[in-house]
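Here is the structure we will look at, set down as structure tokens.
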Amino acid sequence: MGFTHIDCFSGPGGICTGLHAAGFETKVAIEFIKSCVDTYSKNHPEVHVIHSDIRNVSKEQILPFIPKGGIDLVTSGMPCETFSTAGNTSRSFYDDRQFLFREGIRIAEIVNAKLILFENVPAITTKTVSKDSNELIVSVLKEELKEAGYGNLKEFVLCATDFGVPQTRKRFFILASKNPTTELSAPTPTCKKTVTVQDAFAGLKNVIPNSNQEETEYSNSSSMFEKLMRDDDFWRRTNPQPDKVTYQMPMKHRACTLKRFELLNPGDSLKDLFDRYEGAEREELQKQRILPKKMFIKRNYRLVSSEPSPTVTSHCLDEFVHPKYNRALTVRECARLQSFPDSYDFCGGPYITPHLHNNIQDKYEQIGDAVPPLLAYAWGIKINEILENYK
Numbered sequence: 146m147g148f149t150h151i152d153c154f155s156g157p158g159g160i161c162t163g164l165h166a167a168g169f170e171t172k173v174a175i176e177f178i179k180s181c182v183d184t185y186s187k188n189h190p191e192v193h194v195i196h197s198d199i200r201n202v203s204k205e206q207i208l209p210f211i212p213k214g215g216i217d218l219v220t221s222g223m224p225c226e227t228f229s230t231a232g233n234t235s236r237s238f239y240d241d242r243q244f245l246f247r248e249g250i251r252i253a254e255i256v257n258a259k260l261i262l263f264e265n266v267p268a269i270t271t272k273t274v275s276k277d278s279n280e281l282i283v284s285v286l287k288e289e290l291k292e293a294g295y296g297n298l299k300e301f302v303l304c305a306t307d308f309g310v311p312q313t314r315k316r317f318f319i320l321a322s323k324n325p326t327t328e329l330s331a332p333t334p335t336c337k338k339t340v341t342v343q344d345a346f347a348g349l350k351n352v353i354p355n356s357n358q359e360e361t362e363y364s365n366s367s368s369m370f371e372k373l374m375r376d377d378d379f380w381r382r383t384n385p386q387p388d389k390v391t392y393q394m395p396m397k398h399r400a401c402t403l404k405r406f407e408l409l410n411p412g413d414s415l416k417d418l419f420d421r422y423e424g425a426e427r428e429e430l431q432k433q434r435i436l437p438k439k440m441f442i443k444r445n446y447r448l449v450s451s452e453p454s455p456t457v458t459s460h461c462l463d464e465f466v467h468p469k470y471n472r473a474l475t476v477r478e479c480a481r482l483q484s485f486p487d488s489y490d491f492c493g494g495p496y497i498t499p500h501l502h503n504n505i506q507d508k509y510e511q512i513g514d515a516v517p518p519l520l521a522y523a524w525g526i527k528i529n530e531i532l533e534n535y536k
């Protein structure tokens with residue numbers, strides 16, 4: 146049996162998927178969003194998933210599933226919208242979610258965890274507890290870890306690109322140990338060659354917008370990354386249809402949206418179109434609804450085939466345009482950019498406006514909010530080494 150794990154704020158299972166590939170056994174997952182719970186349970190049926198606000202989860206709900214002696218690792222990737230620099234964060238910046246890290250600590254104490262791994266956006270390191278305070282949230286987090294007996298801790302910022310993920314996603318981590326003498330360190334970068342968008346989309350056929358024709362067969366193109374996404378032995382998963390593609394489904398686009406996509410060069414976004422077209426020319430494009438009345442900075446970015454993707458977010462349906470074709474990305478293409486294996490199944494509705502529904506997420510939102518499984522795998526390999534020397 147491998148080392149044991151509890152997954153707080155589990156989302157659709159990105160962390161669990163990576164840790165499972167590294168040999169961990171996840172005992173309990175806690176998640177508030179029902180569609181994420183459904184996705185997690187479908188892909189990890191061996192895990193006891195608690196569908197609840199973590200603040201309401203009691204020790205009686207957890208302890209029956211915990212081995213004697215406690216848990217080896219608790220991961221806590223609390224919601225990051227509060228700390229993100231994307232868009233206007235002032236609306237929710239100082240809400241009560243910023244202190245949800247306390248729940249990860251509370252769960253770790255209940256199960257006598259040896260290690261805790263916190264994950265969030267790098268911007269959390271600059272956020273204060275209130276508008277009128279200079280005290281950083283991270284300082285409060287570290288102080289409360291020390292009070293709970295996890296004073297041996299280290300901070301890291303890692304880029305997913307360094308671990309084989311085809312996107313430039315950066316994440317902040319705190320790794321804390323209950324043993325004051327345990328030597329803590331981050332995973333060593335494993336990727337010698339950057340994985341590109343072209344590598345990520347290898348094997349996936351194009352789909353035609355508005356056609357209702359899903360592609361279920363792989364193409365002849367291939368890459369090392371594509372082979373890894375289909376390697377069920379690596380992921381320790383079973384796939385009843387390994388030769389079938391899932392979620393390579395066409396999306397609905399208005400004619401004016403398709404015309405807008407035609408104007409985008411690789412690396413262009415909606416902002417570039419606003420800069421390129423001015424005066425009467427822009428007004429005419431707006432009249433035809435090819436350009437919207439307002440400019441959204443992070444929208445309609447055409448990916449560059451030879452580069453990794455920018456950070457995939459819960460808004461990825463609107464944010465990205467395929468590097469070659471005039472359409473948004475499919476669910477499977479977004480999952481590839483996040484390094485979810487091709488056998489991964491996603492529950493939930495297809496399209497919902499992100500974050501307007503507190504207890505619902507569509508497939509795109511789930512994927513965008515997840516921790517990339519390959520990044521979690523790298524942590525799993527490193528934490529395996531740490532736990533083997535834990536005394």
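Per the numbering used here, the very first residue in the sequence shown carries number 146; after that it's consecutive. Backbone N, C-alpha and C define an ideal beta-carbon position, used for all residues, glycine too. None of the values given here were measured: they were computed from a predicted structure.
Which same chain residues end up closer than 7 Å to residue i when comparing Cβ atoms and leaving out the 5 residues on each side of it in sequence?
| i | result |
| --- | --- |
| residue 348 | 363, 364, 366, 367, 371 |
| residue 379 | 166, 373 |
| residue 210 | 172, 173, 193 |
| residue 327 | 297, 531, 535 |
| residue 353 | 395 |
| residue 345 | 311, 370, 481, 482 |
| residue 384 | 377, 488 |
| residue 533 | none |
| residue 456 | 312, 313, 314 |
| residue 285 | 274 |
Considering only DSSP beta bridges, list what residue i is partnered with.
| i | result |
| --- | --- |
| residue 389 | 362 |
| residue 315 | 304 |
| residue 465 | 446 |
| residue 398 | Paired residues: none, contrary to the question. |
| residue 320 | 262, 299 |
| residue 526 | Note: residue 526 sits in no beta bridge, so no partner. |
| residue 417 | Residue 417 is not bridged to any residue. |
| residue 153 | 175, 221 |
| residue 459 | The partner list for residue 459 (beta bridge, DSSP) is empty, contrary to what the question assumes. |
| residue 193 | 173 |
| residue 349 | 363 |
| residue 180 | Bridge partners of residue 180: none, in fact. |
Which residue wins for smallest C-alpha separation from residue i, given the options the options?
| i | options | result |
| --- | --- | --- |
| residue 217 | 178, 296, 152 | 152 |
| residue 398 | 473, 252, 419 | 473 |
| residue 510 | 245, 483, 446 | 483 |
| residue 519 | 201, 202, 334 | 334 |
| residue 406 | 452, 470, 220, 358 | 470 |
| residue 175 | 393, 184, 169 | 184 |
| residue 447 | 356, 289, 533, 409 | 409 |
| residue 293 | 279, 332, 246 | 246 |
| residue 404 | 437, 338, 248, 375 | 437 |
| residue 402 | 149, 421, 355 | 355 |
| residue 451 | 357, 332, 340 | 340 |
| residue 115 | 351, 420, 421, 414 | Past the boundaries of the shown model lies residue 115; the chain is included only from 146 to 536, so the question cannot be answered. |
| residue 492 | 154, 416, 179 | 179 |
| residue 449 | 435, 465, 439, 477 | 465 |
| residue 477 | 359, 273, 286, 313 | 359 |
| residue 440 | 419, 375, 188 | 419 |
| residue 325 | 416, 259, 424, 201 | 259 |
| residue 306 | 213, 453, 475, 514 | 453 |
| residue 202 | 421, 154, 309, 188 | 154 |
| residue 572 | 200, 332, 291 | In the structure displayed, the chain extends from 146 to 536; residue 572 sits before or after that span and is not available. |
| residue 304 | 213, 528, 524 | 524 |
| residue 266 | 514, 336, 189 | 514 |
Excluding the 5 residues flanking residue i on each side, which residues of the same chain have their C-beta closer than 6 Å to its C-beta?
| i | result |
| --- | --- |
| residue 536 | none |
| residue 136 | What is shown of the chain runs 146 to 536, which leaves residue 136 out entirely. |
| residue 480 | 512 |
| residue 150 | 164, 169, 171, 218 |
| residue 522 | 163, 166, 167 |
| residue 231 | No answer about residue 231 holds up, because its pLDDT of 49 lies below 50 and its placement is not dependable. |
| residue 177 | 198 |
| residue 508 | 476, 491, 493 |
| residue 427 | none |
Keeping to the same chain, check which residues put their C-beta closer than 8 Å to that of residue i; ignore five residues upstream and five downstream.
| i | result |
| --- | --- |
| residue 295 | 250, 253, 261, 321, 322, 323 |
| residue 516 | 156, 159, 160, 163, 222, 264, 316 |
| residue 255 | 204, 207, 208 |
| residue 411 | 447, 448, 449, 450, 468 |
| residue 289 | 246, 247, 250 |
Open item on the list: If contact is defined by three or more beta carbon pairs under 8 Å, each pair taking one atom from either stretch, is the region 422-435 in contact with the region 449-468?
Closed with: no
Open item on the list: So, does the region 379-391 touch the region 478-488, judging by three or more C-beta pairs under 8 Å?
Closed with: yes
Open item on the list: Extract the residue ranges of the alpha helix (DSSP H) inside the region 249-298, only unbroken runs of 4 or more that lie entirely within it.
Closed with: 282-292
- [ ] Could I get the ranges of all uninterrupted alpha helix (DSSP H) runs contained in the region 464-493, with 4 residues as the minimum, in chain order?
- [x] 476-483
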